[in-house]
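Numbering (the numbering used here), first residue to last: 33 to 484. Glycine residues also receive a C-beta, built at the ideal position from the N, C-alpha and C atoms.
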């Protein structure tokens, strides 16, 4: 650790936020501790006695440890390294930890002889106006799949991508997305934990880079960046798409079968069956905020429907056509504010349950997906409804981790109650019923925009 004089030790909490401490490099090998009651904190710093938060048991510590070999160059300055730690109590892994849930999901697949490989696609908006009056970054020359100065006149996206590479976060592609100020940021494919850790760090790096960006004269640009699912009414939302495949003992893609329908092996079809079957049960984990249900609506090219298709962006899940050895499944339900470790764990576990349970894979959607859809099963229309569906899917909760799910549901029920109380008469419990063009409530802006 001679390259740095301090280490930024981070870990993902139940909200997907990056908690942590700066540690002197000379002491970093010891790890550090945090109050475990953080697992009962809401966005507004309210605390609830959620299971695993130990709020009524003295608020003890959880220990954070990491391998110093995993420290990478940070983005604060050249003298700061950054690392993601694991949480434990009394010498045992903390079961409420999202990173531990993903580690268990990977281990469950490895016990079956397969290694999950994951690639993450992120969408985000650059915006101006601060947290009180946000509006999309003005890029009138931008276009879908745009690149260059027309899409990013300030060069801030280029800056954050280059900074990510310095921090060892491998990018696959970057381009302007559908609406002004919106970008797609795709990370490189690899082992599941590596991919999740990169996405976790990248989201923090991206927000901090844009927030502190300056012009050539050193003056602040006044820009910010958000991954929030629906930060602006009437235009596209932002998601996190999880692409995954499974490697066999020889390192070959076990999802590929040139003789199978659509190039999919029986393993791939079993995984797809699980994703469709557990679609409603995993919605809350994939879309964990009140705001997320503004985005999850039919006809908006997201994971609304519990179905799948071949090269079909209206389906909840899709596979590429003619992928051969590069066959993969893309889960499209994830909201931009999802906890990426928990989301990947849920996707992998839903897929595994489908395979080991011998579930039948439904036929792919071949209709237009707008007016003609091959299913009437879809995700919930509110966080409250999604939590009901999650609790009803006992098999998925057990697979993801009962302790994590119990903690999640308790915290999110409290978040919903705060929303109903805080929004008052403006509270909405079914966004699909009233449309998606209503301005964001002050409650949403204050709760979510500073953190996502």
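Closest residue to residue i among the options (Cα-Cα distance)
| i | options | result |
| --- | --- | --- |
| residue 379 | 403, 171, 277 | 277 |
| residue 197 | 214, 172, 248, 230 | 230 |
| residue 484 | 50, 40, 212 | 50 |
| residue 141 | 384, 86, 352, 298 | 384 |
| residue 416 | 347, 324, 448, 381 | 448 |
| residue 225 | 242, 57, 145, 138 | 138 |
| residue 423 | 439, 157, 452, 87 | 439 |
| residue 460 | 414, 295, 208 | 414 |
| residue 437 | 118, 207, 130 | 130 |
| residue 113 | 42, 90, 87, 36 | 36 |
| residue 300 | 209, 375, 393, 40 | 393 |
| residue 127 | 63, 191, 46 | 46 |
| residue 72 | 304, 82, 320 | 82 |
| residue 353 | 91, 405, 396 | 396 |
| residue 427 | 388, 445, 446, 409 | 388 |
| residue 110 | 66, 185, 195, 86 | 195 |
| residue 485 | 44, 283, 80 | Outside the displayed span of the chain (33 to 484) sits residue 485, for which this structure offers no information. |
| residue 190 | 165, 166, 216 | 216 |
| residue 409 | 347, 356, 446, 362 | 347 |
| residue 77 | 471, 450, 269, 473 | 450 |
| residue 317 | 74, 479, 145, 429 | 429 |
| residue 365 | 57, 269, 298 | 269 |
Buried versus exposed call for residue i [16 or more other C-beta atoms within 10 Å across all chains shown]
| i | result |
| --- | --- |
| residue 399 | exposed |
| residue 61 | exposed |
| residue 402 | exposed |
| residue 381 | buried |
| residue 31 | As displayed, the chain neither begins before 33 nor continues past 484, which places residue 31 out of reach and without an answer. |
| residue 41 | buried |
| residue 149 | buried |
| residue 214 | buried |
| residue 177 | exposed |
| residue 173 | exposed |
| residue 452 | exposed |
| residue 425 | buried |
| residue 476 | buried |
| residue 64 | buried |
| residue 456 | exposed |
| residue 320 | buried |
| residue 359 | buried |
Bridge partner(s) assigned by DSSP for residue i
| i | result |
| --- | --- |
| residue 489 | Residue 489 lies beyond the stretch modelled for the chain, which goes from 33 to 484, so this question has no answer here. |
| residue 54 | 40 |
| residue 79 | 73 |
| residue 252 | 246 |
| residue 67 | 93 |
| residue 104 | 114 |
| residue 367 | 271 |
| residue 410 | 337 |
| residue 422 | In DSSP, residue 422 forms no bridge with anything. |
| residue 361 | 276 |
| residue 488 | This structure leaves residue 488 out entirely; the chain is present only between 33 and 484. |
| residue 258 | 157 |
Any non-hydrogen atom of the ligand SAM closer than 7 Å to residue i Cβ
| i | result |
| --- | --- |
| residue 335 | The ligand SAM is not part of this structure, which contains no ligands at all. |
>> For the structure I just gave you, are there three or more beta carbon pairs, one from the segment 218 to 237 and one from the segment 180 to 187, closer than 8 Å?
In response: Output reads no: the segment 180 to 187 does not touch the segment 218 to 237.
> Which runs of the beta strand (DSSP E) fall wholly inside the segment 197 to 248 and span at least 3 residues, in chain order?
Replying inline: Runs of the beta strand (DSSP E) inside the segment 197 to 248: 203 to 208, 214 to 219.
> Counting Cβ pairs closer than 8 Å, one from the segment 301 to 312 and one from the segment 330 to 347, do we hit at least three?
Replying inline: In the pairwise beta carbon analysis, the segment 301 to 312 is classified as touching the segment 330 to 347: at least three pairs are separated by under 8 Å.
>> Using a Cβ distance threshold of 8 Å, determine whether the segment 146 to 154 contacts the segment 263 to 283, with at least three qualifying pairs required.
In response: Cβ pair count under 8 Å is three or more, so yes.
> In chain order, which alpha helix (DSSP H) runs of at least 4 residues are fully inside the segment 267 to 351?
Replying inline: If you keep only unbroken alpha helix (DSSP H) runs of at least 4 residues inside the segment 267 to 351, you get 298 to 309, 311 to 318, 324 to 327.
> Can we say the segment 340 to 353 touches the segment 247 to 260, given the rule of at least three CB pairs closer than 8 Å?
Replying inline: No contact exists between the segment 340 to 353 and the segment 247 to 260.
> Along the chain, which unbroken stretches of the beta strand (DSSP E) at least 3 residues long are found entirely within the segment 125 to 185?
Replying inline: Unbroken beta strand (DSSP E) runs of no fewer than 3 residues, entirely contained in the segment 125 to 185, are found at 147 to 160, following chain order.
> Should the segment 119 to 129 be called in touch with the segment 95 to 102, which here means at least 3 C-beta pairs below 8 Å?
Replying inline: Taking 8 Å as the limit for Cβ pairs, the verdict is that the segment 95 to 102 does touch the segment 119 to 129.
> Are there three or more Cβ pairs, one per stretch, closer than 8 Å when the segment 279 to 297 is compared with the segment 161 to 174?
Replying inline: Result no; under three Cβ-Cβ pairs closer than 8 Å.
> Between the segment 317 to 335 and the segment 367 to 376, do three or more beta carbon pairs fall short of 8 Å?
Replying inline: Yes, the segment 317 to 335 is in contact with the segment 367 to 376.
>> What ranges does the alpha helix (DSSP H) occupy inside the segment 437 to 467, keeping only unbroken runs of at least 4 residues that lie completely in it?
In response: The alpha helix (DSSP H) runs of length 4 or more contained entirely in the segment 437 to 467 are, from start to end of the chain, 463 to 466.
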